[in-house]
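Below you'll find the structure, written out as structure tokens, and then a few comments.
2 protein chains.
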Amino acid sequence: MRDQADTKDLSVGAWTKRCYFAGRALMDERLRPFDLGSTQWYVLWYLVNNGPSVQRDLGRALELERATLSGIIATLVRKGLIVQKSDGGDQRQRLLTLTAAGEALWRRIPDLSFIHDAAFGGIDEADLATTIRVLKSATERLQTLLRKD
Amino acid sequence: MRDQADTKDLSVGAWTKRCYFAGRALMDERLRPFDLGSTQWYVLWYLVNNGPSVQRDLGRALELERATLSGIIATLVRKGLIVQKSDGGDQRQRLLTLTAAGEALWRRIPDLSFIHDAAFGGIDEADLATTIRVLKSATERLQTLLRKD
DNA sequence: TTCATTTCGTTCGCTACCATACGATAGTTG
DNA sequence: CAACTATCGTATGGTAGCGAACGAAATGAA
């Protein structure tokens, strides 16, 4: 909403979009040499920090739909970075595990926490707290609206 | 990043994502009976408020890449809601105009401004201002990083 | 005028995301 | 036990979004 559209009345919604996509784009930029997308990176990140996991937990943690996650996992499997094997337990679910190639790739990937620092690091603590509070309540209101309407 | 991932240290980035997707999902929910996506709605909204426009202006206003907008416009043309015709001026650009069907559809669509109101309406003005300021500076820092790195 | 550069839109190939429907397995209740 | 229900993952088909490459048209410089 730039140009002839009024820049002045950009809503918070517009800024959330900008902020989200800017962050994603920055991650994608950094990950491109490794042929990895930002969401793929999050999956690896989760497996590195939580060990072998089932798709259900991964989906809940990253807040992705089952169908979405299925596609992403298929991509990672195709790349040989993770494997799905069913352990002895629930036969519906498959355990996701990093392959040696996946672990090797992870070691080569730079730390992406600088993205968060770059975006919010130099901002006053009180401002940050306010922002989180506002976004949190906004999100919760929207999600309430979504659920029971 | 819920569940066994620590909920407590959810970053602003995580809330931005949630907030953005919650808003989009809510719009999509409302627009589904009309077989319209939220971004498609924004295109119609722009044309209603700005009259026949060229793709360039639309893209800048909605902050969409040319390639992205091309696809969206193709969809809307296929649905018969808008048409592309080249006026006498610059032969590279096409003028986008609502069809009668497009205008008729627009009249049937409910006002979606309530989404913004529901999300941010009841929040203290000072908080809102702070939030916008923080998100704005965060975005600008990220985009600066993206451009020259 | 000619040539180089820029701009506008399209096309292609890809990831991400969701809704829907489906099959298979688990759990529950009669 | 059988039948119902819930859950997990997959497959399909659609929109959204971007990068890269392209042709066409406009613009600027030699």
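Heads up: the protein sequence lines correspond to chains A and B, in order.
So in the numbering used here, spot 148 of the first sequence is number 216, and the numbers just go up one at a time.
So in the numbering used here, spot 92 of the second sequence is number 160, and the numbers just go up one at a time.
Heads up, the beta-carbon is just placed ideally off N, CA and C, and yes, glycines get one too.
Nothing here was measured: the structure is a model prediction, and the numbers come from that model.
Just so you know, the alpha carbons of residue 212(A) and residue 159(B) end up roughly 49 Å apart.
In this structure, the beta-carbon distance from residue 123(A) to residue 164(A) falls below 9 Å.
Assigned with DSSP and collapsed to three states, residue 140(A) falls in helix. A distance below 8 Å between beta-carbons, with the five flanking residues on each side excluded, links residue 176(A) to the following residues of its chain, in chain order: 102. Closest in C-alpha terms to residue 117(B), from the list 95(B), 203(B) and 166(B), comes 166(B). Residue pairing for residue 164(B): DSSP places it in a beta bridge opposite 121(B) and 152(B).
For residue 95(A), the closest alpha carbon among the candidates 187(A), 199(A) and 170(A) is that of 187(A). Those residues of the stretch 116–145 of chain B placed with their C-beta closer than 8 Å to a C-beta in chain A are 118, 125, 128, 129, 130 and 131, ordered along the chain.
Collapsing the DSSP output to three states places residue 173(B) in a helix. When 9 Å is used as the limit between beta carbons, residue 154(A) is near no residue of chain B, the shortest such separation being about 21 Å.
Per the C-alpha coordinates, the member of 138(B), 180(B), 142(B) and 111(B) positioned closest to residue 129(B) is 111(B). Secondary structure at residue 105(B): coil, using DSSP grouped into helix, strand and coil. Of the other Cβ atoms in all chains shown, 16 or more fall within 10 Å of the Cβ of residue 82(B); this residue is therefore buried. The distance from the Cβ of residue 206(A) to that of residue 207(B) is about 17 Å, inconsistent with a contact at the 8 Å cut-off.
For residue 148(A), the CB contacts under 7 Å within the same chain, skipping 5 residues up- and downstream, are 167 and 169 in chain order. When the alpha-carbon of residue 140(B) is set against those of 104(B), 181(B) and 174(B), the nearest one is in 104(B). Residue 198(B) and residue 203(A) do not touch by the CB rule: their CB atoms are close to 11 Å apart, not below 8 Å. Note that the C-beta distance between residue 88(B) and residue 136(A) is not below 9 Å. Interface with chain A (9 Å Cβ-Cβ cutoff): residue 167(B) is excluded. Here residue 180(A) carries a coil assignment [DSSP, helix/strand/coil]. Chain A places no beta carbon closer than 9 Å to that of residue 177(B), leaving this residue out of the contacts. Counting the other Cβ atoms within 10 Å of the Cβ of residue 181(B) gives fewer than 16, which makes it exposed. Per DSSP, residue 158(A) is not a residue of any alpha helix (DSSP H), being assigned neither H nor E. Within the same chain, and ignoring the five residues on either side of residue 196(A) in sequence, the residues whose Cβ sits closer than 7 Å to its Cβ are 188. In terms of Cβ geometry, residue 115(A) and residue 150(A) form a close pair [threshold 9 Å].
Under the Cβ criterion of 9 Å, residue 162(A) is not counted among the residues facing chain B. In the DSSP assignment, residue 99(A) falls within the alpha helix (DSSP H) that extends over 80–99.
Contacts with chain B at 9 Å (Cβ-Cβ) do not include residue 102(A). Listed along chain A are 191, 195, 196 and 199, each with a C-beta nearer than 7 Å to that of residue 202(B).
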